[in-house]
Amino acid sequence: MKKFLAFVAVIIIIYSVYIDINFGTIPAVSQVTVKSEKNVTIEKPAPYVNKKVIPGDTVLSIVEKINKSPLSIPIKQVIIDFKKFNHNITPEEIQIGQVYKFPIYK
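Residue numbers (this note's numbering): 772 to 877.
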């Protein structure tokens, strides 16, 4: 009986590996076509200021200092704008002593 259960377990494992290799466990992303509309509004990117990073600074702390108030926009938007201004550098990649462009919000 033990040998039979071991045999069934091995078959299940082999089948699982086969399915994982051939089809994957992550569903495939389908391609979506987007129709263009005539009345499309394009947002201007926010203005920015160049600022040198000092020890203890984070992107959010610098943006709050520049704007002299807590942020009224989502943090995701700050990260997106920071990456646009700095050639896709993420907030985690900033280095002390380097100058980066930080968005200004009104």
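The C-beta atom is built at its ideal place from N, Cα and C for all residues, glycine as well.
Computed from a prediction, not measured in an experiment: that's the story for all the values here.
Helix, strand or coil at residue i according to DSSP, with G and I counted as helix
i      : result
PRO862 : helix
TYR786 : helix
LYS836 : helix
ASN793 : helix
ILE850 : helix
LEU831 : helix
LEU842 : coil
Bridge partners - residue i, DSSP secondary structure assignment
i      : result
VAL820 : PHE873
Environment of residue i [buried if 16+ CB atoms lie within 10 Å]
i      : result
TYR789 : exposed
VAL779 : exposed
Supposed contact pair residue j and residue i - C-beta distance, whole angstroms, cut 8 angstroms
i      : j      : result
ILE875 : VAL824 : No, ILE875 and VAL824 are not in contact; Cβ-Cβ is about 17 angstroms, not under 8 angstroms.
ILE844 : LYS822 : Not quite, the Cβ-Cβ distance comes to about 18 angstroms (not below 8 angstroms), so this is no contact.
Is there contact here, the region 824-843 with the region 861-873, by at least three beta-carbon pairs under 8 angstroms?
Touching, per the Cβ criterion.
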